[in-house]
Amino acid sequence: MKEGERERGRRFDALYEAYSADVVAYCTWRADSPSDAQDAVADVFLTAWRRLDDLPGGDAARVWLYATARRTLANQRRSRRRRAALAERLSLAASTHEPSSDPGEYLVREALRRLGPLDREVLLLSEWEGLSPAQIASVLRCPKVTVRSRLHRARRRFRSAFERLAAAERAERRNCRASDAPATSVTHALGEDS
Amino acid sequence: MKTSESLEALRRANPRSQASFAQTVDAATAEVRLRIATAGATDEPRVRHVRPGRLLVGFFAAGVALATVAAVAVSVTVGSSGGTPGGTPGVENAAAAIKKAVTLSAVSAQQSGIVNVRMTHDGELWVSKVIRWNRDNVEISDHSPGGPSSGSPLLVINGMLYGHDPHYQGWVKVGPVSSIEPGSGTTPTEQLGAIREDVGGATLRRMVAAMTDLTTTHQSDASTIYSGAVAAGQIARKTGFKEGQAIRVLPFGYVAHGAAADPASLLHTAVTVGSNGVIREIAVTWGTWTYTVAYSDLGSTPPLVAPANAKSLRDVLPRATTSPPQ
Chain Z
18 MKEGERERGR
28 RFDALYEAYS
38 ADVVAYCTWR
48 ADSPSDAQDA
58 VADVFLTAWR
68 RLDDLPGGDA
78 ARVWLYATAR
88 RTLANQRRSR
98 RRRAALAERL
108 SLAASTHEPS
118 SDPGEYLVRE
128 ALRRLGPLDR
138 EVLLLSEWEG
148 LSPAQIASVL
158 RCPKVTVRSR
168 LHRARRRFRS
178 AFERLAAAER
188 AERRNCRASD
198 APATSVTHAL
208 GEDS
Chain B
75 MKTSESLEAL
85 RRANPRSQAS
95 FAQTVDAATA
105 EVRLRIATAG
115 ATDEPRVRHV
125 RPGRLLVGFF
135 AAGVALATVA
145 AVAVSVTVGS
155 SGGTPGGTPG
165 VENAAAAIKK
175 AVTLSAVSAQ
185 QSGIVNVRMT
195 HDGELWVSKV
205 IRWNRDNVEI
215 SDHSPGGPSS
225 GSPLLVINGM
235 LYGHDPHYQG
245 WVKVGPVSSI
255 EPGSGTTPTE
265 QLGAIREDVG
275 GATLRRMVAA
285 MTDLTTTHQS
295 DASTIYSGAV
305 AAGQIARKTG
315 FKEGQAIRVL
325 PFGYVAHGAA
335 ADPASLLHTA
345 VTVGSNGVIR
355 EIAVTWGTWT
365 YTVAYSDLGS
375 TPPLVAPANA
385 KSLRDVLPRA
395 TTSPPQ
């Protein structure tokens, strides 16, 4: 391996070490299934590896990776839509995210689903990824002022949706005396894939 | 409710807070490494001078090493970059040996090979198929007990699909594979794509990279069995639902429910490497189910030829539809 290639490899290693968890976290929640998330992460870093020389340095690289991940996931969904039958089947797997032990997570997911896609993205880039409005603007390719107003609105809407869902859940708990359903045992059954 | 209460719940739901997040990152890392290695084999110029036995460190170096070995070929010792954490030298040697076998098998499988895929339940054969391929030509025969197409092979030669018609009792030229409606089921082209992924190394590399508790058993015929535990999600990544149950689509298209559907479920996996260093069999066991893929003639399977006496579908169809089923 030539010195130039070794240096390139070291840069990629450093990039991966620094930001792989960020990209995995970003793709995990947004992809339709865990395997799609893995595919997306692999695509993002393959792109990064190929375009390593064009990548900005420092924290801007992280923003670049988020923007690439966003496009990758969008492409993934577009390509899926083209294969309608398969898409229908796989969309069922969208619920394959691992259940959390935190009962509040269901409320969070539901409240997030009630936001518009851009509001949701702005909110998550801020709260989960810790990006500043300027960085979010770079990821979404929109003016910073738009991000600020969207972020304010998204927080408000999220809070409102979360509160409504939490209140509904509390009311349901009060009314419903039935105990939790026992865990069902899944029997092994096999058949050939269609 | 205060604003911070909802935002705190939101922050707690961050995927990074999940207990399995580290495992998810590891799985993604294996996939990235594989993808870069695979891309390296096609994008990069073939490196001719690789020092055998060199210990390669670092993510990138490991990826390039895999690609280089795949491109140049065979007698290169792959560094134990994916060694078991806290493992002994013996375990690391086993991990390196199994990776070498994967690479060697993948190189051989690029050209041709035969796989016999079987699933058994309580020791009884449940489904089985044999896939033979040579370059882009492929033959798939189903041998599942009582299966609707049991014993009737499908053949794809130079993009043309041939089927063996039980009524006509001969070969039928069904039509070009490209004319098959997308989404109408698993097409032969998709089957071939899956074969390339499953036999050509991607699936094997992913499984081997994820194997823990690796043990080695030397057999009297000079073959070696490497066994350990692999998360179901690393054995097969495709998931979905069938008849209301979560399923995992195993390599070569069979589906599994139950423990195998859970991506974190550790399944006992045994990889048998023959005395020639090529993988002979992979066996995955969960509960009362066993899934085996037996490889043979990797790289040395004779070319597949179109059946000489195949009739066109147009000629056969009226007869097939009017004659009573046998």
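The listed protein sequences correspond, in order, to chains Z and B. When we follow our numbering, the leftmost residue of the first sequence carries the number 18, and every step to the right adds one. When we follow our numbering, the leftmost residue of the second sequence carries the number 75, and every step to the right adds one. Heads up, the beta-carbon is just placed ideally off N, CA and C, and yes, glycines get one too. All of these numbers come straight from a predicted model, not from anything done at the bench.
| Check | Outcome |
| --- | --- |
| Limits of the unbroken alpha helix (DSSP H) element including B/Asp287 | Where B/Asp287 is concerned, there is no enclosing alpha helix (DSSP H), although the beta strand (DSSP E) it sits in stretches over 286-292. |
| Interface residues of the stretch 362-388 of chain B facing chain Z [CB-CB below 8 Å] | Thr362, Trp363 |
| Inter-residue spacing [alpha-carbon to alpha-carbon] between Z/Glu138 and B/Thr364 | 43 Å |
| Cβ shell of Z/Pro150 (< 6 Å), same chain only, five flanking positions each side left out | Lys161, Val164, Arg165 |
| Coarse secondary structure for B/His238, derived from DSSP in three states | strand |
| Where Z/Asp39 sits in the DSSP three-state scheme | helix |
| Through-space distance from B/Val358 to Z/Ala128, alpha-carbon basis | 41 Å |
| Z/His169 classed as buried or exposed, judged by whether at least 16 other C-beta atoms fall within 10 angstroms | exposed |
| Nearest candidate by alpha-carbon position, reference Z/Ser143, set Z/Gly21, Z/Asp39, Z/Ala31, Z/Arg27 | Z/Asp39 |
| Contact check, B/Tyr369 vs B/Ile353, beta carbons under 8 Å | yes |
| Whole-angstrom C-beta distance between B/Ile214 and B/Leu378, which should lie under 8 Å | Incorrect: roughly 11 Å between the Cβ atoms, too far for contact. |
| Alpha helix (DSSP H) segment containing B/Val379, residue limits | Unbroken run through B/Val379: none, as it is neither H nor E. |
| Boundaries (first-last residue) of the beta strand (DSSP E) holding Z/Ser143 | Where Z/Ser143 is concerned, there is no enclosing beta strand (DSSP E), although the alpha helix (DSSP H) it sits in stretches over 134-144. |
| Neighbour list for B/Glu355 in chain Z, Cβ cutoff strictly below 7 Å | Per Cβ cutoff of 7 Å: no residues; B/Glu355 is ~20 Å from chain Z at best. |
| Same chain, Cβ closer than 7 Å to Z/Tyr43, five either side skipped, listed in chain order | Tyr83, Ala86, Glu146 |
| Nonlocal neighbours in the same chain, by C-beta distance under 6 Å from Z/Tyr36, ignoring five residues either side | Arg79, Leu82 |
| Proximity test, Cβ basis, 8 Å: Z/Trp145 and chain B | yes |
| With 16 other Cβ atoms within 10 Å as the buried cut-off, status of B/Pro89 | buried |
| Closer than 8 Å to chain B by CB, Z/Ala38 | yes |
| Enclosing beta strand (DSSP E) for B/His488 [first to last residue] | Outside the displayed range of chain B (75 to 400) lies residue 488 of chain B, so it cannot be described from this structure. |
| Presumed contact (8 Å Cβ cut-off) between B/Gly237 and B/Val246, rounded CB distance | 5 Å |
| B/Ala87 at chain Z interface by Cβ criterion, 8 Å | yes |
| Unbroken alpha helix (DSSP H) run spanning Z/Asn192, endpoints | 161-192 |
| Classification of Z/Leu141 by the beta-carbon crowding that lies within 10 angstroms, buried from 16 upward | buried |
| Interface partners of B/Gly307 on chain Z, CB under 7 Å | Pro51 |
| Three-state secondary structure assigned by DSSP to Z/Arg65 | Here residue 65 of chain Z is Ala; the residue named in the question, Arg, does not match the sequence. In this structure, Z/Ala65 counts as helix in the three-state DSSP scheme. |
| Terminal residues of the beta strand (DSSP E) in which B/Ser186 lies | 186-195 |
| 8 Å Cβ cutoff, B/Glu105 in contact with chain Z | yes |
| Within-8 Å CB hit, Z/Val41 to chain B | yes |
| Whole-number beta carbon distance between B/Gly373 and B/Gly187, since they are thought to touch under 8 Å | 7 Å |
| For B/Leu199, the residue or residues it bridges with in DSSP | B/Thr194 |
| Cβ shell of Z/His114 (< 6 Å), same chain only, five flanking positions each side left out | Only weak support is given to the placement of Z/His114: the predicted model assigns it a pLDDT of 43, under 50, and the question is left unresolved by the model. |
| Partner residues on chain Z for B/Thr98, Cβ-Cβ distance less than 7 Å | Val41, Thr45 |
| Chain B contact for Z/Ala35 (CB, 8 Å cutoff) | no |
| Candidates B/Ala303, B/Ser80, B/Thr346: closest to B/Ala296 by CA position | B/Thr346 |
| 8 Å Cβ cutoff, B/Ala175 in contact with chain Z | no |
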